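Peer 1: These protein sequences, in sequence, are chains W and Y. If you read the first sequence in our numbering, its first letter stands for residue 201, the second for the next number, and so on. If you read the second sequence in our numbering, its first letter stands for residue 11, the second for the next number, and so on. Glycine included, each C-beta is placed from N, C-alpha and C at the ideal position. Being a predicted model, the structure only gives us computed values, none of them experimental. There's a structure below that I have some questions on.
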Amino acid sequence: MFDVNEIRKDFPMIQNRPDLIYFDNGATTYKPQPVIDAVLGFYNGYTSNVERGDYETAVKADKAYADTRKIIARFINCDPKEVVFTANITASLNQIAWGLGRSFLHEGDIVLTTEAEHASNLLPWFRLEKDLGIKIEYIPVDHQGVCHIEDVRKALNEKVKVVAMAHVTNVLGSVQPIREIAEAAHEYGAYVVMDGAQSVPHRRTDVRELGVDFMGFSSHKMCGPDGVGVLYGRYELLQKMEPVFLGGGMNARFSSDFNIILKDAPEKFEAGTPNIEGVIGLGAAAEYLMSLGMDNIQQYEKELRAYFAAKISQLDNIEFYNPDNLSGPITFNGKGVFAQDAAGYLGSKNICVRSGNHCAKILHEVIGTDQTIRASLYFYNTKEEVDRFIEAAAQISLENAVSIFF
Amino acid sequence: MSQTSSLLNDPMILRELIMDHYQYPHNHKLVEDERYRSVHMASDSCIDDITVQSRISGGMIEDVRFDGVACTISTASTSMMTDLLKGRSTDEAKMIIGQYFNMIENKEYDPDVLEEAVAFQNVYKQANRIKCATIGWKAMQQMIDESEASE
Ligand SMILES: Cc1ncc(COP(=O)(O)O)c(C=O)c1O
Numbered sequence: 201m202f203d204v205n206e207i208r209k210d211f212p213m214i215q216n217r218p219d220l221i222y223f224d225n226g227a228t229t230y231k232p233q234p235v236i237d238a239v240l241g242f243y244n245g246y247t248s249n250v251e252r253g254d255y256e257t258a259v260k261a262d263k264a265y266a267d268t269r270k271i272i273a274r275f276i277n278c279d280p281k282e283v284v285f286t287a288n289i290t291a292s293l294n295q296i297a298w299g300l301g302r303s304f305l306h307e308g309d310i311v312l313t314t315e316a317e318h319a320s321n322l323l324p325w326f327r328l329e330k331d332l333g334i335k336i337e338y339i340p341v342d343h344q345g346v347c348h349i350e351d352v353r354k355a356l357n358e359k360v361k362v363v364a365m366a367h368v369t370n371v372l373g374s375v376q377p378i379r380e381i382a383e384a385a386h387e388y389g390a391y392v393v394m395d396g397a398q399s400v401p402h403r404r405t406d407v408r409e410l411g412v413d414f415m416g417f418s419s420h421k422m423c424g425p426d427g428v429g430v431l432y433g434r435y436e437l438l439q440k441m442e443p444v445f446l447g448g449g450m451n452a453r454f455s456s457d458f459n460i461i462l463k464d465a466p467e468k469f470e471a472g473t474p475n476i477e478g479v480i481g482l483g484a485a486a487e488y489l490m491s492l493g494m495d496n497i498q499q500y501e502k503e504l505r506a507y508f509a510a511k512i513s514q515l516d517n518i519e520f521y522n523p524d525n526l527s528g529p530i531t532f533n534g535k536g537v538f539a540q541d542a543a544g545y546l547g548s549k550n551i552c553v554r555s556g557n558h559c560a561k562i563l564h565e566v567i568g569t570d571q572t573i574r575a576s577l578y579f580y581n582t583k584e585e586v587d588r589f590i591e592a593a594a595q596i597s598l599e600n601a602v603s604i605f606f
Numbered sequence: 011m012s013q014t015s016s017l018l019n020d021p022m023i024l025r026e027l028i029m030d031h032y033q034y035p036h037n038h039k040l041v042e043d044e045r046y047r048s049v050h051m052a053s054d055s056c057i058d059d060i061t062v063q064s065r066i067s068g069g070m071i072e073d074v075r076f077d078g079v080a081c082t083i084s085t086a087s088t089s090m091m092t093d094l095l096k097g098r099s100t101d102e103a104k105m106i107i108g109q110y111f112n113m114i115e116n117k118e119y120d121p122d123v124l125e126e127a128v129a130f131q132n133v134y135k136q137a138n139r140i141k142c143a144t145i146g147w148k149a150m151q152q153m154i155d156e157s158e159a160s161e
C-alpha cells in the first residue's frame, strides 16, 4: 500500500518545515531518515577509507561500499561491475563523452542528440566537435518535446556513432522512446547514451531492457546524498574506455618508467578516495525507493501530476506549456510576469519552485519563451499541497510580484 | 523637495514606479555608434541578460541606454539608473552609485540623491535578488572606471 502520509513521516525536512511546499524535486530531493542514518552510521560507527582494509571498520566500509554496487545493479538491472561511482551525472556524462572521443570515435563521426537536452548532455559533446571534428546533429522533437522513432530512423546513417538523449527531459518532461531508439541505433552500430537524471528517480529503469550502452544519473535527485552519481556502461565497453582521472585506487601497478597498468572497470574509473558516505547513502536511497516500489512511485506521481495539470489549466493568469506530457514537471509562466518574479512571489508564500532560462532553441520555438517556471513533484507531495499551490498561483500578477519588496 | 520625498515614502507609489519602469523602460534601445561603450551582463542566476551602453566624454555621461531580457527588479532598476545618471559628471555618478549600493547593502545612504531609485530600499531583505537590483548599476560603474582608465 502506498500511503503518502506514512511516507512523509520518513522525511525530516517535511516534518521540520511543514510550512514549505517543496515542488523543486527536479533540482534536488529531500532525504528520508534511512539515508541520513546510513550516512551518519558511517560517520559515527565505521569511518575509514575503502580498499585493502586490514582492520574491522575498514573492512566494514569496504563491504558497505561494495554492497552499494550490488544494490544499484539490482536497481537498474545490470552487473555490479558495470556500476561506476562518480560525483554526479554531469561527471558521468563527461567521462562517457570524453572516453568515447578518446578511444571510439574519429573525425567526421556523428553524435545524434536533441535540442531538448540538459547542458550536461550537450557541452561534453560540443567539446568533441571542437577537439576531434566530431559532428553534432539534432533529431527533431514535436510540440511537447517528444522525439519520434521515424525521425530517429531518418537521422541515422553509417556515420552516426553515438545517440545521446535523456529518457525524460528536464524542461518539459517529455518521455523519449529510448528502447526503440536504441534498437534502431544498434542497427547502425551506434552507441546509445542515456541521461537518466530525470527518469531513474521516478520510474523503473532496466538498462538491459532499454538496451542502452551507457547511462548516468545523480543520487541527489533520488533521495540520496549530494556529490554522488552513477555511470553505467556495458562491461566490455567500460573495459575498452579510458578513465578521465588517473591516480590512487585505480591502478594495479605502475613503475618509474611510466608504465601504468590499470585495474579493471569499475575501479579504474574511480581514482582517489571516493565519496564513501555518499555512496553508502545512495545505496540506502535505492533500497528505500525499491521498498516503496518504482512502479508505485510512477503511478502515484502520474495521478498527482494529472490532478495538478487539470487544476492549473483552469487558471486564466497562467500559461501552462506541457499539458500533454504525463510525467515530469509542470512548466508554466504567469501571464505578463517574468518567470523569476513569479517564482519569487510563490517563494514569498513558502512555495519552492524554480525559474530558469533554457538556452535550447527548440524550446523557444515550442513554447515561445526562454524563461519558465517548473514545479516538479516527487512521491511525497500531496494533493493538498497542489491545492495550496493553486491558490497561490491564482494570485500571480505583476502587482503582487512587485509587492513582495514592500 | 519635501513633497517629493513624502511621495517617495509611500510604498504604493514606489511599487507603481517599479511596475511602470518595467512595463515601459526608459532609454531602452541600443544604438550602433562607436562613441558608445557597452557592457553585457548576465547574472549568476543565468536568467537576467542585459546590455548597457553609455557615451562618456570629457568626464560627462552624455547618454545611457540598455536592452535585454530581465526581471522586474533588473529592468526597473536599470531603467531608473539611466534616467538618474544621464547628463551627470562621472564624479557625481560615482557618488550616486555609491549611495545606491549603500542602500542595497542596508547601510546609511542619502535618499535625496537616489530619487525614484529608493524604490529598491527593501531589496536587501531578499538576498537572492540583490544581483538583480545591481546588475545595470554595476555595468555603469564598469564603464565609468574604463573611461577614467583610458583618459
Ligand atoms: C536531464 C538532466 N541531466 C543532467 C542534469 C545534471 O545533474 P547534476 O547537476 O546532478 O549533475 C540534470 C539536473 O538538473 C538534468 O535534469
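Return the chain-ordered ranges of every beta strand (DSSP E) run that is complete within the stretch 234 to 316 of chain W and spans a minimum of 3 residues.
Peer 2: Listed in chain order, they are 283 to 286 and 310 to 313.
Peer 1: Note down, in chain order, all residues in the stretch 25 to 36 of chain Y with a beta-carbon under 8 Å from any beta-carbon belonging to chain W.
Peer 2: Those would be 25, 28, 29, 32 and 33, in chain order.
Peer 1: Hey, how far is the Cα of residue 592 (chain W) from the Cα of residue 137 (chain Y)?
Peer 2: Computed Cα separation, rounded: 22 Å.
Peer 1: Drop a sphere of 10 angstroms on the beta-carbon of residue 545 (chain W), count the other beta-carbons inside from all chains shown, and report buried for 16 or more, exposed for fewer.
Peer 2: Result: buried.
Peer 1: If I measure Cβ to Cβ from residue 313 (chain W) and keep anything under 8 Å in the same chain, skipping five residues before and after, which residues do I get?
Peer 2: 321, 322, 325, 336, 337, 338, 339, 363, 364 and 365, listed in sequence order.
Peer 1: If you draw a straight line from the C-alpha of residue 606 (chain W) to the C-alpha of residue 550 (chain W), how long is it?
Peer 2: Computed Cα separation, rounded: 17 Å.
Peer 1: Name the two residues that bound the continuous beta strand (DSSP E) containing residue 335 (chain W).
Peer 2: Looking at the DSSP string, the run of the beta strand (DSSP E) that includes residue 335 (chain W) is 335 to 338.
Peer 1: For residue 44 (chain Y), tell me which candidate among Y:23, Y:66 and Y:159 has the shortest Cα-Cα distance.
Peer 2: Ranking Y:23, Y:66 and Y:159 by Cα distance to residue 44 (chain Y) puts Y:66 first.
Peer 1: Contact criterion: CB-CB distance below 8 Å. Does residue 74 (chain Y) meet it with respect to chain W?
Peer 2: It does not: the Cβ of residue 74 (chain Y) has no partner Cβ on chain W nearer than 8 Å.
Peer 1: Taking 7 Å as the cut-off, is the C-beta of residue 290 (chain W) nearer than that to any heavy atom in ligand 1?
Peer 2: Residue 290 (chain W) Cβ: within cutoff of ligand 1.
Peer 1: Do residue 534 (chain W) and residue 518 (chain W) have their C-beta atoms closer together than 8 Å?
Peer 2: Contact: yes.
Peer 1: Among W:579, W:599 and W:601, whose alpha-carbon lies nearest the alpha-carbon of residue 208 (chain W)?
Peer 2: Per the Cα distances, W:579.
Peer 1: Give me the residue from W:298, W:511 and W:540 with the minimum Cα distance to residue 588 (chain W).
Peer 2: Checking every option, the nearest Cα to that of residue 588 (chain W) belongs to W:511.
Peer 1: Closest by CA to residue 58 (chain Y), which one among W:541, W:443 and W:501?
Peer 2: The shortest C-alpha separation from residue 58 (chain Y) is found at W:541.
Peer 1: Comparing the CB of residue 370 (chain W) with every heavy atom of ligand 1, is any distance shorter than 7 Å?
Peer 2: Correct: residue 370 (chain W) has its Cβ closer than 7 Å to ligand 1.
Peer 1: Could you tell me whether the Cβ atoms of residue 150 (chain Y) and residue 107 (chain Y) are closer together than 8 Å?
Peer 2: Yes, they are a contact pair.
Peer 1: Rounded to whole angstroms, what's the CA-CA distance from residue 575 (chain W) to residue 48 (chain Y)? Just pull it up for me.
Peer 2: Cα-Cα distance, rounded: 37 Å.
Peer 1: Nearest CA to the CA of residue 601 (chain W): which residue from W:554, W:568 and W:548?
Peer 2: Among W:554, W:568 and W:548, the Cα nearest to that of residue 601 (chain W) is on W:548.
Peer 1: Quick one: Cα of residue 80 (chain Y) to Cα of residue 69 (chain Y), how far?
Peer 2: For residue 80 (chain Y) and residue 69 (chain Y), the distance between alpha carbons rounds to 29 Å.
Peer 1: Looking at chain Y, is there any beta carbon in it that lies within less than 8 Å of the beta carbon of residue 592 (chain W)?
Peer 2: Closer than 8 Å: no.
Peer 1: Let me check you understand the geometry: is the CB of residue 420 (chain W) closer than 7 Å to at least one non-hydrogen atom of ligand 1?
Peer 2: Checking every heavy atom of ligand 1 against the Cβ of residue 420 (chain W), one is found closer than 7 Å.
Peer 1: Which residues of the stretch 117 to 142 of chain Y have a Cβ closer than 9 Å to any Cβ of chain W? Give them in chain order.
Peer 2: Against chain W - using a Cβ distance shorter than 9 Å - the residues of the stretch 117 to 142 of chain Y are 129, 130, 131, 132, 133, 135, 136, 138, 139 and 142.
Peer 1: Below 9 Å on C-beta distance, what does residue 539 (chain W) contact in chain Y?
Peer 2: Those within 9 Å of residue 539 (chain W) in chain Y are 57 and 81.
Peer 1: Since residue 435 (chain W) contacts residue 276 (chain W) with CB under 8 Å, what's their CB separation in whole angstroms?
Peer 2: So it is not a contact: roughly 14 Å between Cβ atoms.
Peer 1: Can you pull the DSSP bridge partners for residue 454 (chain W)?
Peer 2: BP columns for residue 454 (chain W) point to W:460.
Peer 1: Would you tell me roughly how many angstroms separate the C-alpha atoms of residue 331 (chain W) and residue 437 (chain W), rounded to the nearest one?
Peer 2: Approximately 22 Å between the Cα atoms of the pair.
Peer 1: Taking the Cβ atom as the reference point for each residue, do residue 427 (chain W) and residue 478 (chain W) lie within a distance shorter than 8 Å?
Peer 2: Cβ atoms of residue 427 (chain W) and residue 478 (chain W): closer than 8 Å.
Peer 1: Give me, in chain order, the residues of the same chain whose beta-carbon lies closer than 8 Å to that of residue 17 (chain Y); leave out the 5 immediate sequence neighbours on both sides.
Peer 2: Correct list, in chain order: 23.
Peer 1: Would you please verify whether the beta carbon of residue 598 (chain W) is less than 8 Å from any beta carbon of chain Y?
Peer 2: Output row for residue 598 (chain W): interface = yes.
Peer 1: With a Cβ-Cβ cutoff of 8 Å, do residue 349 (chain W) and residue 367 (chain W) count as a contact?
Peer 2: No; because the gap between Cβ atoms is not below 8 Å, this pair is not in contact.
Peer 1: Over what stretch of residues does the alpha helix (DSSP H) that includes residue 98 (chain Y) continue unbroken?
Peer 2: It is not in any alpha helix (DSSP H) - residue 98 (chain Y) carries neither H nor E in the DSSP assignment.
Peer 1: Output the boundary residues of the beta strand (DSSP E) element that contains residue 72 (chain Y).
Peer 2: From DSSP, the beta strand (DSSP E) with residue 72 (chain Y) extends over 70 to 79.
Peer 1: Which residue wins for smallest C-alpha separation from residue 281 (chain W), given the options W:266, W:292, W:289 and W:287?
Peer 2: Cα-wise, what sits closest to residue 281 (chain W) is W:266.
Peer 1: Is residue 553 (chain W) close to chain B, meaning its C-beta is less than 8 Å from at least one C-beta of that chain?
Peer 2: This model lacks chain B altogether, as its protein chains are W and Y.
Peer 1: Please check the pair residue 74 (chain Y) and residue 95 (chain Y), which I expect to be a contact at CB under 8 Å, by giving their CB distance rounded to whole angstroms.
Peer 2: With a Cβ gap of about 6 Å, residue 74 (chain Y) and residue 95 (chain Y) count as contacting.
Peer 1: Do residue 448 (chain W) and residue 416 (chain W) have their beta-carbon atoms positioned less than 8 Å apart in this structure?
Peer 2: No, Cβ-Cβ distance for residue 416 (chain W) and residue 448 (chain W) is not below 8 Å.
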